[in-house]
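J.: Before we start, here is the structure in question, set down as structure tokens.
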Amino acid sequence: MGQKGQKQRGSLPYIGHEGGQTPFHIVIPKEPYYQGYHARKQYPPFSLLQLQRMIDLGLLNPDEPIDLSALLRVQTFQFKPRHNHYGLHLIDEGIDIFEAQVNLEIQWASEPVIAAIERLGGTITTRFYDMECLNYIVSPKENFLKGKPIPRCKLPSNDVVKYYTSAENRGYLADPEKIAEERSKLAQKYGYELPDLKKDPKKDMLLKRKDPRQIFFHLQPGWVVNLHDKCILKPTDEDLLKYYRS
């Protein structure tokens, strides 16, 4: 059956060989589309329509600052830090019917959404929380019962620090004077008259902000909330105080 055929007289290149010294799968550049996907920060969408609906139903009080803790207490959507959820992304669905004046703290927001809130006399701040703080915010009562002190919030990681220090994004680490300038620029861009916060009767509420290390309003890092005795235990050691304030 053939001792003198083509396969006996010469060797054929192996499958995939195109000649030369370098295989084709090395010559063609690699595109790692999913490299590091498991570690990417996720921000589940949360719309202006949902926010307006919560306010209309009395689930949220627009006369108080609204942050991630207040939104999660409503329990109308899923938020799971174990799935790398680092906060909520406020999207523009319902932008035409949104009519509430709020002081909102959110993790991610686009320019049209920021304009929609500020044209009504509201304020918005984009804020970062690390994973330890997010787990504490999701289950505050459980952590209070365990006697865990309120954690000190870490500063943003390198991949998002630029976003949270930008005045255009209303980052919580941005210069307040630059934020005021960007508010005026955005009003000119979208063609609305920017309300004067200094003359607003809700001025104190609208300008209320948390410390960068703080995760709850009125509660400081390092405090232990005792639900059984209905009291708050505060650290007195100088080293602990220095750590939580730094």
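Throughout the sequence shown, residue numbering follows this note's numbering, covering 2 to 247 in sequence. Idealized CB from N, CA, C, for every residue including glycine.
For Asp201, which option in Lys147, Arg54, Gly122 and Val225 has the closest C-alpha, if you only look at C-alpha atoms?
T.: Checking every option, the nearest Cα to that of Asp201 belongs to Gly122.
J.: Quick one: any contact between the segment 84-98 and the segment 38-57, if contact means 3 or more CB pairs under 8 Å?
T.: yes
J.: Which runs of the alpha helix (DSSP H), 4 residues or longer, sit entirely within the segment 23-74?
T.: Taking only runs of at least 4 residues, the alpha helix (DSSP H) segments lying wholly in the segment 23-74 are 25-28 and 49-57.
J.: Which word fits Ile24, buried or exposed, when buried means at least 16 other C-beta atoms lie within 10 angstroms of its C-beta?
T.: Rather than Ile, the amino acid found at residue 24 in this sequence is Pro. Flag for Pro24 reads exposed.
J.: Check whether the segment 167-174 and the segment 123-130 touch, using three or more Cβ-Cβ pairs below 8 Å as the test.
T.: Between the segment 167-174 and the segment 123-130, the count of C-beta pairs closer than 8 Å reaches three or more; the two stretches touch.
J.: Taking the continuous alpha helix (DSSP H) assigned at Glu106, which residues delimit it?
T.: From DSSP, Glu106 is part of no alpha helix (DSSP H) but of the beta strand (DSSP E) over Asn104 to Ile107.
J.: Does any residue of chain C have a CB that is nearer than 8 Å to the CB of Phe145?
T.: Reference to chain C is not applicable here, since this structure consists of a single protein chain.
J.: Around the C-beta of Gly223, are 16 or more other C-beta atoms found within 10 angstroms, so that it is buried, or is it exposed?
T.: buried
J.: Which runs of the beta strand (DSSP E), 3 residues or longer, sit entirely within the segment 103-154?
T.: 104-107 and 124-127
J.: Is it right to say Tyr87 is buried, meaning 16 or more other beta carbons lie within 10 angstroms of its own, or is it exposed?
T.: buried
J.: Note the first and the last residue of the continuous alpha helix (DSSP H) segment covering Ile180.
T.: Pro177 to Tyr191
J.: How is the beta strand (DSSP E) around Val161 delimited, first residue to last?
T.: Looking at the DSSP string, Val161 is not in any beta strand (DSSP E), and its letter there is neither H nor E.
J.: Find the nearest neighbour of Lys155 within the set Asp212, Pro63 and Asn144, judged by alpha-carbon distance.
T.: Asp212
J.: Considering only residues of the same chain and omitting the five flanking positions on each side of Thr166, which have a CB-CB separation below 6 Å?
T.: Gly172, Leu174 and Ala175
J.: Compare the beta carbon distance of Val162 and Lys42 with 8 Å and say whether it is the shorter of the two.
T.: no
J.: Buried or exposed: which applies to Arg74, given that a residue is buried once 16 or more other Cβ atoms fall within 10 Å of its Cβ?
T.: exposed
J.: Answer with buried or exposed for Ala117, where buried requires no fewer than 16 other C-beta atoms within 10 angstroms of its C-beta.
T.: Burial check for Ala117: the Cβ neighbour count within 10 Å reaches 16 or more, so the residue is buried.
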